[in-house]
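Asks: Following this message is one structure expressed as structure tokens.
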Amino acid sequence: MKVQVQDLGKLRREVQIEIPFDDIRGEYQQVKDQLRNTRLRGFRPGKFPKGWMKSRFRSSMAHEIRERLFPQFYSKALQSENLIPAVPPTSLNIDFDEKKPLSFKVELEIAPTLPEIDHDKLALEEQELEEVTDQDIDDMLQQLRRARSVREPKEAGVVEKGDLVTFDARGTLDGEPLPGEQQIEKSEFEVGGEFFTEFSDAVLGMAVEETKTVTLEMGSTFNDELQGKSAEFEITVQSIELLTLPELDEEFFKSYGHDTEEDLRKAVREMQSENKKNNRMTDYREQLLPQLVRQLEDIDLPESSIAEREKALKEEKNEAGEELTEEQIGQRMEAHRDRLRRDFLVDHIFRSAALQLDEATLANRFSNAAGMMGLSAQDFYNHRYGQVMMNSMVAELRGEQALNHVIEKLIGPETASEASDNAEEKQEAATEQH
Numbered sequence: 196m197k198v199q200v201q202d203l204g205k206l207r208r209e210v211q212i213e214i215p216f217d218d219i220r221g222e223y224q225q226v227k228d229q230l231r232n233t234r235l236r237g238f239r240p241g242k243f244p245k246g247w248m249k250s251r252f253r254s255s256m257a258h259e260i261r262e263r264l265f266p267q268f269y270s271k272a273l274q275s276e277n278l279i280p281a282v283p284p285t286s287l288n289i290d291f292d293e294k295k296p297l298s299f300k301v302e303l304e305i306a307p308t309l310p311e312i313d314h315d316k317l318a319l320e321e322q323e324l325e326e327v328t329d330q331d332i333d334d335m336l337q338q339l340r341r342a343r344s345v346r347e348p349k350e351a352g353v354v355e356k357g358d359l360v361t362f363d364a365r366g367t368l369d370g371e372p373l374p375g376e377q378q379i380e381k382s383e384f385e386v387g388g389e390f391f392t393e394f395s396d397a398v399l400g401m402a403v404e405e406t407k408t409v410t411l412e413m414g415s416t417f418n419d420e421l422q423g424k425s426a427e428f429e430i431t432v433q434s435i436e437l438l439t440l441p442e443l444d445e446e447f448f449k450s451y452g453h454d455t456e457e458d459l460r461k462a463v464r465e466m467q468s469e470n471k472k473n474n475r476m477t478d479y480r481e482q483l484l485p486q487l488v489r490q491l492e493d494i495d496l497p498e499s500s501i502a503e504r505e506k507a508l509k510e511e512k513n514e515a516g517e518e519l520t521e522e523q524i525g526q527r528m529e530a531h532r533d534r535l536r537r538d539f540l541v542d543h544i545f546r547s548a549a550l551q552l553d554e555a556t557l558a559n560r561f562s563n564a565a566g567m568m569g570l571s572a573q574d575f576y577n578h579r580y581g582q583v584m585m586n587s588m589v590a591e592l593r594g595e596q597a598l599n600h601v602i603e604k605l606i607g608p609e610t611a612s613e614a615s616d617n618a619e620e621k622q623e624a625a626t627e628q629h
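Heads up, the sequence shown is in this note's numbering, so the first residue is 196 and it goes up one at a time.
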């Protein structure tokens with residue numbers, strides 16, 4: 196295989212790949228053999244209209260090249276030239292004939308060369324590791340009890356704190372209905388809990404099928420553009436249910452894999468301790484990432500990705516169905532550039548430090564996500580959404596590991612490694628249902 200690379204400026208490269216005829220002869224012959232076995236109505240086996248074989252060979256071979264041969268030889272060419280693509284190829288030309296070598300000409304943009312991280316310009320505000328208190332354990336036990344709670348309809352009476360309510364809320368802002376996805380229909384929440392907090396006080400005292408209109412300030416239930424604004428809501432309570440929590444008895448302890456309350460509290464303490472360690476590392480990563488991205492402000496970014504994102508934003512509408520303002524487009528474009536810098540940074544750290552993806556943590560996270568969907572990990576992965584989630588988890592975990600590697604250099608391996616244990620496994624062990 197012959198490979199030539201031409202520098203087209205900045206990150207753009209043109210790569211020409213030529214595969215000798217002797218190396219591709221077998222592929223050509225295989226396609227011809229498949230075509231010879233084709234049966235055409237009105238023709239004897241092996242007989243075809245004049246020119247049909249040559250025409251079908253080109254179309255069939257072109258499909259074979261694009262689907263199978265190009266990815267194979269393209270990957271080898273990139274490896275041989277130490278090229279790391281930043282985006283998929285921006286153009287591809289294929290030249291072939293049944294008696295000629297196979298050649299590709301492809302344009303792409305490669306990953307930028309990053310400067311060495313200047314650790315002297317990085318600073319972390321170190322956090323004291325919080326102790327696990329008895330209240331922390333009590334709160335977690337309460338959550339575990341809620342996970343085993345029994346629901347039953349509230350036959351009479353009105354909504355009280357702790358009830359489980361299903362409700363509708365049709366909102367209007369300045370006389371105009373909120374966008375459809377911001378309207379609330381048959382949504383469920385525990386009154387006084389952490390979700391739909393704007394509506395907890397409003398539904399108190401309401402009965403099933405009762406409707407009332409209130410003005411509320413929109414909070415975390417709604418998107419960023421609506422938060423902090425006051426809207427008028429017509430609220431209808433659809434149902435009220437009581438939550439009956441199980442007693443802290445032997446049956447409850449065994450449902451979580453433990454014999455006594457002491458054993459369960461010990462497991463919960465360990466789990467909470469790991470959570471606090473990981474929360475501290477999350478705080479460190481949140482401090483570190485913007486500092487690292489600022490060190491990459493001057494690197495080249497793939498122009499095709501920038502142009503594609505800008506085009507998409509100019510066609511995008513906001514929640515009110517209006518075109519984005521220049522200011523909004525500018526803010527989102529800068530966020531896109533920062534995401535590109537972050538992705539290049541993570542990849543650079545992984546490669547330069549020869550890091551390996553933590554497969555055990557990845558498998559555990561994915562298994563937990565599958566369990567929440569009521570599926571096995573394999574069945575979940577077979578779904579398109581499962582594969583999308585797996586890719587997202589891989590990217591997230593790579594980012595965590597890359598930043599943890601830098602944190603280790605700043606505050607020492609012992610502090611960093613405290614939080615690098617697989618907390619998900621310990622949490623699963625503490626709460627596993629038998």
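Ideal Cβ placement from N, Cα and C applies to all residues, glycine included.
1) Counting along the chain, where does the alpha helix (DSSP H) carrying K506 start and finish?
2) Pick helix, strand or coil for K294, following the three-state DSSP scheme.
3) Comparing alpha-carbon positions, which option in E371, A342, F539 lies nearest P497?
4) R261 lies in the alpha helix (DSSP H); which residues open and close that run?
5) For the alpha helix (DSSP H) that contains K227, what are its first and last residues?
6) Thinking just about the alpha-carbon of each residue, which of L319, E371, R261, N470 is nearest to the one in G607?
7) Could you give the DSSP three-state label for N418: helix, strand or coil?
8) Quick check on the burial criterion: 16 or more other C-beta atoms within 10 angstroms. Buried or exposed for Y580?
9) Between G400 and E442, what straight-line distance do the alpha-carbon atoms span, to the nearest angstrom?
10) Does the region 283-303 come close enough to the region 196-209 to have 3 or more Cβ pairs within less than 8 Å?
11) Here's a check: name, in chain order, each residue in its chain whose Cβ is nearer than 7 Å to the Cβ of R464, leaving out the five neighbours to either side.
12) For P215 and I312, I'd like the C-alpha separation in whole angstroms.
13) Closest by CA to P221, which one among S425, K197, V200, L264?
14) Check for me: the alpha helix (DSSP H) holding G566 runs from which residue to which?
15) In the DSSP output, which residue or residues are listed as bridge partners for T308?
16) Considering only the alpha carbon of each residue, which of T431, G388, E511, G594 lies closest to T416?
17) In the DSSP assignment, what residue or residues form a beta bridge with G204?
18) Measuring only from the beta carbon, is Q211 closer than 6 Å to any heavy atom that is part of the ligand FMN?
19) By Cβ distance below 6 Å, which residues in the same chain neighbour S468 in space, the five residues on each side in sequence not counted?
20) Tell me whether K381 sits in a helix, a strand or coil according to DSSP, three-state version.
21) Does E323 get closer than 7 Å to chain D when you measure Cβ to Cβ?
22) By a C-beta neighbour count over all protein chains shown, 10 Å radius and 16 as the cutoff for buried, is P307 buried or exposed?
23) Are the Cβ atoms of M568 and F575 separated by less than 7 Å?
24) Taking the beta strand (DSSP E) that P348 belongs to, which residues open and close that run?
25) So, V354 versus V360, is the Cβ gap smaller than 7 Å?
26) Would you list, in sequence order, the uninterrupted beta strand (DSSP E) runs of no fewer than 3 residues that lie entirely inside the region 448-478?
27) Three or more C-beta pairs closer than 8 Å, one from the region 519-537 and one from the region 491-507: is that the case here?
28) Where does S571 sit, in a helix, a strand or coil, going by DSSP?
29) Check whether the Cβ atoms of K449 and I430 lie closer than 7 Å to each other.
30) Checking the sheet assignment: what are the DSSP bridge partners for I289?
Replies: This is what the structure gives:
1) Sequence index remark: in the sequence shown, residue 506 carries index 311 (1-based). Boundaries of the alpha helix (DSSP H) around K506: 498-510.
2) The residue labelled residue 294 in the question sits at position 99 within the sequence shown. Note: K294 maps to coil in three-state DSSP.
3) Here residue 497 refers to the residue found at position 302 when the sequence shown is read from its first residue. That would be F539, whose Cα lies nearest to the Cα of P497.
4) For this step, residue 261 is matched to residue 66 along the sequence shown. R261 -> no alpha helix (DSSP H), and no H or E assigned at all.
5) Position 32 of the sequence shown holds residue 227. The continuous alpha helix (DSSP H) containing K227 extends over residues 216-231.
6) Here the question's residue 607 lines up with position 412 in the sequence shown. Nearest C-alpha to G607: L319.
7) Against the sequence shown, residue 418 aligns to sequence position 223. Looking at N418 - three-state DSSP - the assignment turns out to be coil, as it is neither helix nor strand.
8) For this step, residue 580 is matched to residue 385 along the sequence shown. When all chains shown are included, Y580 counts as exposed.
9) As a position in the sequence shown, residue 400 is number 205, starting the count at 1. As a position in the sequence shown, residue 442 is number 247, starting the count at 1. So the two alpha carbons sit approximately 28 Å from each other.
10) The answer is yes - the region 196-209 touches the region 283-303, with three or more Cβ pairs under 8 Å.
11) Position 269 of the sequence shown, counting from 1, holds the residue named residue 464. These residues qualify, in order along the chain: V327, I332.
12) Stepping through the sequence shown from its first residue, residue 215 is reached at position 20. Stepping through the sequence shown from its first residue, residue 312 is reached at position 117. Roughly 43 Å between the two C-alpha positions.
13) As a first step, residue 221 is located in the sequence shown; it is residue number 26 there, counting from the start. Note that residue 221 corresponds to Gly in the displayed sequence, not to Pro. When C-alpha distances from G221 are compared across S425, K197, V200, L264, the shortest belongs to L264.
14) The residue you call residue 566 lines up with position 371 of the sequence shown. In this chain, the alpha helix (DSSP H) harbouring G566 covers 554-567.
15) Taking the sequence shown and counting its residues from 1, the one referred to as residue 308 is at position 113. None, per the DSSP bridge assignment.
16) The residue labelled residue 416 in the question sits at position 221 within the sequence shown. Among T431, G388, E511, G594, the Cα nearest to that of T416 is on G388.
17) By 1-based counting over the sequence shown, the position of residue 204 is 9. Bridge partners of G204: R207.
18) In the structure shown, the ligand FMN is absent, as is every other ligand, since no ligand is present at all.
19) Here residue 468 corresponds to residue number 273 of the sequence shown, with the count starting at 1. Scanning its chain for C-beta atoms nearer than 6 Å, with the 5 sequence neighbours on each side dropped, one finds around S468 the residues V327, in chain order.
20) The residue labelled residue 381 in the question sits at position 186 within the sequence shown. In the three-state DSSP reduction, K381 falls in the strand class (E or B).
21) This model lacks chain D altogether; it includes just one protein chain.
22) Stepping through the sequence shown from its first residue, residue 307 is reached at position 112. With 16 or more other Cβ atoms from the protein chains shown falling within 10 Å of its own Cβ, P307 counts as buried.
23) Along the sequence shown, read from residue 1 onward, the residue named residue 568 stands at position 373. Along the sequence shown, read from residue 1 onward, the residue named residue 575 stands at position 380. If you check the CB distance, M568 and F575 come in under 7 Å.
24) Locating residue 348 in the sequence shown gives position 153, where the first residue counts as 1. For P348, the uninterrupted beta strand (DSSP E) run begins and ends at 345-348, by DSSP.
25) In the sequence shown, the residue the question calls residue 354 occupies position 159. In the sequence shown, the residue the question calls residue 360 occupies position 165. Going by C-beta atoms, V354 is nearer than 7 Å to V360.
26) Taken in chain order, the complete beta strand (DSSP E) segments of 3 or more residues contained in the region 448-478 number zero; there are none.
27) At 8 Å Cβ cutoff, the stretches touch.
28) Looking up residue 571 in the sequence shown gives position 376. Of the three classes helix, strand and coil, the one that applies to S571 here is coil, per DSSP.
29) Taking the first residue of the sequence shown as 1, we reach residue 449 at position 254. Taking the first residue of the sequence shown as 1, we reach residue 430 at position 235. Not closer than 7 Å, so no.
30) For this step, residue 289 is matched to residue 94 along the sequence shown. Listed as beta-bridge partners of I289 by DSSP are F299.
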